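In this note's numbering, the protein residues as written are 104 to 977.
Where a beta carbon is used, it is the ideal one built from N, C-alpha and C, also for glycine.
Please read all numbers here as calculations on a predicted model, not as lab measurements.
Inspection log for the structure reproduced underneath, given as structure tokens.
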Amino acid sequence: PQTIYLSDYKVPAYLVDTVELTFELFEDGARVHSTLELRRNPESADVSAPLELDGDSLKLESVALDGAKLAASDYEDRGDQLVIRSVPDQFRLTVVTWIEPQNNTRLEGLYKSSGMFCTQCEAEGFRCITFFPDRPDVMARFRTRIEANKEAYPILLSNGNDVEKGELENGRHFVTWEDPFPKPCYLFALVAGDLVEKRDSFTTCSGRDIDLRMYVEPRNAEKCDHAMDSLKRSMRWDEEVYGREYDLDIFMIVAVDDFNMGAMENKGLNIFNSSCVLASQETATDLAFQRIEAIVAHEYFHNWSGNRVTCRDWFQLSLKEGFTVFRDAQFSADMGSPTVKRIEDVTLLRTAQFAEDSGPMAHPVRPASYMEITNFYTLTIYEKGEEVVRMIHTLLGPDMFRKGSDLYFERHDGQAVTTDDFVRAMEDASGRDLSQFRLWYEQAGTPVLTVSDEFDAGQGVYRLTIEQSIPDTPGQTNKKPQHIPFALGLLGQDGQPLALQLEADASESPIERVLELTDASHTFEFHGLDAKPVPSLLRHFSAPVRVRYPWTREQLLFLMSHDPDGFNRWDAGQRLAVDVIQSLVGAADDAEVEPRLIEAYRSLVSDTDLDQALVAKMLQLPSEAYLIELAENADVPAIHQAREAVLKCLAHALRDELLACYQRNLETGAYEVTPEAIARRSLRNTALAWLLMINDEKGRTMAVSQMNDADNMTDRMGALRALVNSDYEDDRRQALDEFYNSFRDDPQVVEQWFSVQAASDRAGQLPDIRKLLEHPAFDWKNPNKIRSVVGAFAGQNLAAFHNPDGSGYDFLADQVCRLDDSNPQIAARLVTPLTRWQKFAPAYSGQMKSALERIRDKEGLSRDVYEVVHKSLA
Ligand code: HT7
Ligand code: ZN
Numbered sequence: 104p105q106t107i108y109l110s111d112y113k114v115p116a117y118l119v120d121t122v123e124l125t126f127e128l129f130e131d132g133a134r135v136h137s138t139l140e141l142r143r144n145p146e147s148a149d150v151s152a153p154l155e156l157d158g159d160s161l162k163l164e165s166v167a168l169d170g171a172k173l174a175a176s177d178y179e180d181r182g183d184q185l186v187i188r189s190v191p192d193q194f195r196l197t198v199v200t201w202i203e204p205q206n207n208t209r210l211e212g213l214y215k216s217s218g219m220f221c222t223q224c225e226a227e228g229f230r231c232i233t234f235f236p237d238r239p240d241v242m243a244r245f246r247t248r249i250e251a252n253k254e255a256y257p258i259l260l261s262n263g264n265d266v267e268k269g270e271l272e273n274g275r276h277f278v279t280w281e282d283p284f285p286k287p288c289y290l291f292a293l294v295a296g297d298l299v300e301k302r303d304s305f306t307t308c309s310g311r312d313i314d315l316r317m318y319v320e321p322r323n324a325e326k327c328d329h330a331m332d333s334l335k336r337s338m339r340w341d342e343e344v345y346g347r348e349y350d351l352d353i354f355m356i357v358a359v360d361d362f363n364m365g366a367m368e369n370k371g372l373n374i375f376n377s378s379c380v381l382a383s384q385e386t387a388t389d390l391a392f393q394r395i396e397a398i399v400a401h402e403y404f405h406n407w408s409g410n411r412v413t414c415r416d417w418f419q420l421s422l423k424e425g426f427t428v429f430r431d432a433q434f435s436a437d438m439g440s441p442t443v444k445r446i447e448d449v450t451l452l453r454t455a456q457f458a459e460d461s462g463p464m465a466h467p468v469r470p471a472s473y474m475e476i477t478n479f480y481t482l483t484i485y486e487k488g489e490e491v492v493r494m495i496h497t498l499l500g501p502d503m504f505r506k507g508s509d510l511y512f513e514r515h516d517g518q519a520v521t522t523d524d525f526v527r528a529m530e531d532a533s534g535r536d537l538s539q540f541r542l543w544y545e546q547a548g549t550p551v552l553t554v555s556d557e558f559d560a561g562q563g564v565y566r567l568t569i570e571q572s573i574p575d576t577p578g579q580t581n582k583k584p585q586h587i588p589f590a591l592g593l594l595g596q597d598g599q600p601l602a603l604q605l606e607a608d609a610s611e612s613p614i615e616r617v618l619e620l621t622d623a624s625h626t627f628e629f630h631g632l633d634a635k636p637v638p639s640l641l642r643h644f645s646a647p648v649r650v651r652y653p654w655t656r657e658q659l660l661f662l663m664s665h666d667p668d669g670f671n672r673w674d675a676g677q678r679l680a681v682d683v684i685q686s687l688v689g690a691a692d693d694a695e696v697e698p699r700l701i702e703a704y705r706s707l708v709s710d711t712d713l714d715q716a717l718v719a720k721m722l723q724l725p726s727e728a729y730l731i732e733l734a735e736n737a738d739v740p741a742i743h744q745a746r747e748a749v750l751k752c753l754a755h756a757l758r759d760e761l762l763a764c765y766q767r768n769l770e771t772g773a774y775e776v777t778p779e780a781i782a783r784r785s786l787r788n789t790a791l792a793w794l795l796m797i798n799d800e801k802g803r804t805m806a807v808s809q810m811n812d813a814d815n816m817t818d819r820m821g822a823l824r825a826l827v828n829s830d831y832e833d834d835r836r837q838a839l840d841e842f843y844n845s846f847r848d849d850p851q852v853v854e855q856w857f858s859v860q861a862a863s864d865r866a867g868q869l870p871d872i873r874k875l876l877e878h879p880a881f882d883w884k885n886p887n888k889i890r891s892v893v894g895a896f897a898g899q900n901l902a903a904f905h906n907p908d909g910s911g912y913d914f915l916a917d918q919v920c921r922l923d924d925s926n927p928q929i930a931a932r933l934v935t936p937l938t939r940w941q942k943f944a945p946a947y948s949g950q951m952k953s954a955l956e957r958i959r960d961k962e963g964l965s966r967d968v969y970e971v972v973h974k975s976l977a
């Protein structure tokens, strides 16, 4: 496959002003008539360039130029391109293609899901519908007519406003949609199906009434309220916090079961994976409720950060994704607890993005090259991209940041731009120089900050030295120092925050500062101190970096109970738990667990004064995935064992407190999705899980009755998960059977049922996983089912996946090869756990590498999987 380079970017040779599409939808395929008004781009240097339109899996039926049908010799159909050498400066081109949505298992372009037609065009799916300059810097106005059988497809949707509808012969009907906003073709969408409509409305800040509509399969009609409420909250928030008003008269959301990712921000017609939009108290967990709110917000926010201002090319993907993730994170923080939201985001970043950034697929937030763009919808583009925007926010402060975002939207409305344009708007609005900061977009790898300190008692000066280095990543060495905002505070021996008096800035002594690191090494001197303070470093995780500081366990325990920054309190607890678990890896079974850790957890479980949502987070031990990320030559079964030993030791020692915690947090009133209620459910389900880890009989009785009596999925799933992860085999089997029988008709719940087993080292050994793949509810064409079994096994059931006999790796390689033909995007994502082979102890890494080599040698390997596997083996 060919590599595409950012440095080769050229403006498009032709622009498209308008697109008129007619879709004739049938059971055995679809005919697409496309009429484009094209003209040469005056900005293109190539004045005699042929017209080249992208295509993929299209059957070309005819081509006409300004109404005259072209002979086959007038154009060249290369399969992936339609080339017409001789065209006037301005012309109308009509192309008719035949496609087969019913056979489209890649789920790119137009495809069928549960009997409905739907589309996914980002990044390069539009070329699977018709020949077109499929690149985001070609923006056109779309008019779309959809024709289909009325009984089977009563609902026909596309972007914009419906301007015409009517009956046709043979029981068919049509609807025409017009989108007044020019857009790139990746934002095009079409849906046709037998769907129920849920309506609501929203009055914008300028008094316009927007028609809000959700379309779902009839069986999901009662699962729309949460998404609709989330949408209205998002619309209001974007007006209040960013001054962004919605622009069309209609905003539509459609739920589809078969979808490669979470959702898609098509203009005025967002399409969602059912699992990311449908919720009811009985079927969705708190986590799902929160995720739905965040994703609905994310897609809605794209209307400005992505649609009104879009990307010039796909190297700029983080322009829209990083900024929009930042916006949705701010929104979620405002809707719930900012500290808890930050903890969740940093957990993901440190566990998964740091792993990506130190692995063979490491790439900058603005990559310089790619083979297959769908491989670049990564944690680096999204999550690290968010952190980069967050750092700009930290450096500029909220008011200047808002000025910068206003300027960005005003300056670039209707344009396709670059990350550099974004940074320039921030600079121009604030007067700050962000030239060094731009390196965050260019250099891959997670910076390492090595911190050392000393106290000069004679002068009362505390000296803090911070050195930065950025590790080599594929294709990048000898990196330059980056501009890093480093928030910190100092605590006195009594736990009180100290005034931070820097010599250079003696007039001010705040208790928290954001230091700006720009050189390879800095030393900061804090004056006026009586004794050596305890540093609280990188508060709020003010930059996506690793901090190395020789923490003592005393310091961490101190910070855990005194740091006024909730995030750093949690982080101190995590560091302490990591230290304790690491010290037990490979140790004897009866090795002592740090008693001070047990006492710290005892205070936490019994603490009713601290924010209970924070307590619930602090009680979670660092995950196996995070422990692996921190390790060199990771031995997963040994890490698993050490972590479990700590967990069991805590559960034994704190049994009484856990029982009390469970009782204290039992629900009394009606089910609510508020931060307080979520924290209560989290605490009692953590208590339950721990009690079952030690086969506590009382815990077992509580779990069985909670499983039967729960009025919501969080509690039912909490009890099921606890039983599944216990040694009570009969209860486990019975609970799983009962759960399945109660929810067998609900695909979103069945997915949860699959993943709770696949992720469990008790219920998800390889023979169990194979049985799940044979289960009647499993479907190889449905990405959610694949993720809930194969993805959960390889990504969460780490001890089973890393079975020393290599069977887990072979299994994954088999599934990747199997999926490579039908859905290469999903296949390429599933490979991820194998790509990290160099992280593991030799007994594992050799076998992981062999599994990758076997995938590499598969005949007809897709470009998607080829890129991931070859880069991993390079
Ligand atoms: N912008 C959307 C990206 C997306 C996507 C990309 C590749 C293949 C399938 C896809 N479905 C959606 C999602 C988002 O970030 O909002
Ligand atoms: Zn997005």
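What residues in its chain sit with their C-beta under 7 Å from that of residue i, if we drop five residues either side in the sequence?
{"i": "residue 188", "result": "153"}
{"i": "residue 557", "result": "566"}
{"i": "residue 112", "result": "416"}
{"i": "residue 611", "result": "none"}
{"i": "residue 510", "result": "528, 531 and 532"}
Counting along the chain, where does the alpha helix (DSSP H) carrying residue i start and finish?
{"i": "residue 731", "result": "727 to 733"}
{"i": "residue 858", "result": "850 to 861"}
{"i": "residue 974", "result": "966 to 976"}
{"i": "residue 304", "result": "Run containing residue 304: none in the alpha helix (DSSP H); it sits in the beta strand (DSSP E), 299 to 306."}
Rounded C-beta distance between residue i and residue j? I'm assuming under 8 Å.
{"i": "residue 123", "j": "residue 138", "result": "4 Å"}
{"i": "residue 492", "j": "residue 426", "result": "5 Å"}
{"i": "residue 184", "j": "residue 158", "result": "6 Å"}
{"i": "residue 420", "j": "residue 484", "result": "5 Å"}
{"i": "residue 326", "j": "residue 381", "result": "4 Å"}
{"i": "residue 693", "j": "residue 758", "result": "Not quite, the Cβ-Cβ distance comes to about 19 Å (not below 8 Å), so this is no contact."}
For the beta strand (DSSP E) containing residue i, name the first residue and the last one.
{"i": "residue 630", "result": "624 to 630"}
{"i": "residue 617", "result": "616 to 620"}
{"i": "residue 611", "result": "Neither: residue 611 is in no beta strand (DSSP E) and is coded neither H nor E."}
{"i": "residue 373", "result": "372 to 376"}
{"i": "residue 287", "result": "275 to 287"}
{"i": "residue 340", "result": "Run containing residue 340: none in the beta strand (DSSP E); it sits in the alpha helix (DSSP H), 328 to 345."}
{"i": "residue 193", "result": "193 to 202"}
{"i": "residue 444", "result": "Taken as a continuous stretch (DSSP letters only), residue 444 belongs to no beta strand (DSSP E), being part of the alpha helix (DSSP H) at 441 to 451."}
When the Cα of residue i is compared with those of the options, which residue comes out closest?
{"i": "residue 231", "options": "245, 220, 214 and 441", "result": "214"}
{"i": "residue 477", "options": "355, 223, 307 and 379", "result": "223"}
{"i": "residue 186", "options": "664, 658, 619 and 163", "result": "163"}
{"i": "residue 941", "options": "386, 464, 395 and 394", "result": "464"}
{"i": "residue 202", "options": "178, 131 and 174", "result": "131"}
{"i": "residue 481", "options": "532, 428 and 530", "result": "428"}
{"i": "residue 945", "options": "907, 958, 919 and 965", "result": "907"}
{"i": "residue 832", "options": "953, 653 and 860", "result": "860"}
{"i": "residue 849", "options": "829, 761 and 321", "result": "321"}
{"i": "residue 262", "options": "777, 600, 243 and 274", "result": "243"}
{"i": "residue 829", "options": "166, 456, 652 and 864", "result": "864"}
{"i": "residue 711", "options": "803, 765 and 412", "result": "765"}
For residue i, which residues in the same chain have their Cβ closer than 6 Å to its Cβ, ignoring the five residues on either side in sequence?
{"i": "residue 862", "result": "895, 899 and 900"}
{"i": "residue 956", "result": "none"}
{"i": "residue 574", "result": "548"}
{"i": "residue 669", "result": "442 and 717"}
{"i": "residue 838", "result": "810, 823 and 826"}
Among the residues of its own chain, which have a CB less than 8 Å from the CB of residue i, if the five just before and after it don't count?
{"i": "residue 540", "result": "494, 495, 498, 526, 585 and 586"}
Give the list of continuous beta strand (DSSP E) stretches no shorter than 3 residues that lie fully inside the region 539 to 567. 551 to 559
Those runs of the alpha helix (DSSP H) which lie wholly inside the region 919 to 943 and span at least 4 residues: 927 to 933 and 935 to 938
What are the complete alpha helix (DSSP H) segments, minimum 4 residues, inside the region 659 to 718? 669 to 687 and 698 to 709
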